[in-house]
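S.K.: Position 107 of the sequence shown, counting from 1, maps to 107 under full-length UniProt numbering, and the rest follow consecutively. Heads up, the beta-carbon is just placed ideally off N, CA and C, and yes, glycines get one too.
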Amino acid sequence: MSIYGATAGTELEDIIRRSEEGEANGAVIYQALALMARELGLAEEAQIFSEIANMESHHSGFYAVMNAKYPQAFWDVVRSIQQAEENADSRMPQTIEKVRALGTPEALLPQLKVWSLSVLRSVIMAKF
Ligand SMILES: [Fe+2]
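1) Within its chain, find whatever has a CB closer than 8 Å to the CB of Ile3; leave out the 5 residues flanking it on each side and keep chain order.
2) Please name the residue in Pro93, Arg91, Leu102, Ala68 whose C-alpha comes closest to that of Gly5.
3) Quick one: Cα of Glu23 to Cα of Ala43, how far?
4) Hey, Gln31 and Ala53 are a contact pair by Cβ (cut 8 Å); roughly how many whole angstroms apart?
5) Hey, would you say the C-beta of Glu20 is under 6 Å away from at least one heavy atom of ligand 1?
6) I'd like the span of the alpha helix (DSSP H) that includes Ser19, first residue to last.
7) Roughly how many angstroms separate the alpha carbons of Phe49 and Glu20, rounded to a whole number?
8) For a test of your reading of the model: does the CB of Glu56 fall under 6 Å from any non-hydrogen atom of ligand 1? Yes or no.
9) Measuring only the C-alpha atoms, how far is Glu106 from Gln94?
10) Please report the distance separating the alpha-carbon of Asp34 from that of Ala46.
11) Roughly how many whole angstroms lie between the Cα atoms of Thr10 and Arg18?
12) Let's see if you can read the secondary structure: which residues bound the alpha helix (DSSP H) around Met92?
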């Protein structure tokens, strides 16, 4: 049995949407704390907060699916997010230059390039 859309259009839709938003915000906060802990040399705390962030992200996604936040056509959504990632990726060189102009250490700049596009691309290329 699918959870997709289980609460969409029901009296629970609003509370599930708020829960999804709260969990998504939590994911950002915990991931930020993980990065801040890493910069402070607190490796164990960084790992813990990163794991909590991943759990919060999972919870947020669960609620999003319950409310059918995204269309059920899986590969259509994947293609859509891939396009969004590519658009963001195309703007990244300009962003990196602006961050560099602020005096950000060169060692930190590669982190801006790494994120999810390569993972998405490999998933999609394997399929098409
Ligand atoms: Fe949670």
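M.R.: Per the coordinate set shown:
1) Phe62, Val65, Met66
2) Ala68
3) 24 Å
4) 4 Å
5) no
6) 13–39
7) 19 Å
8) yes
9) 15 Å
10) It is Ala, not Asp, that sits at residue 34 in the sequence shown. Cα-Cα distance, rounded: 4 Å.
11) 14 Å
12) 74–101
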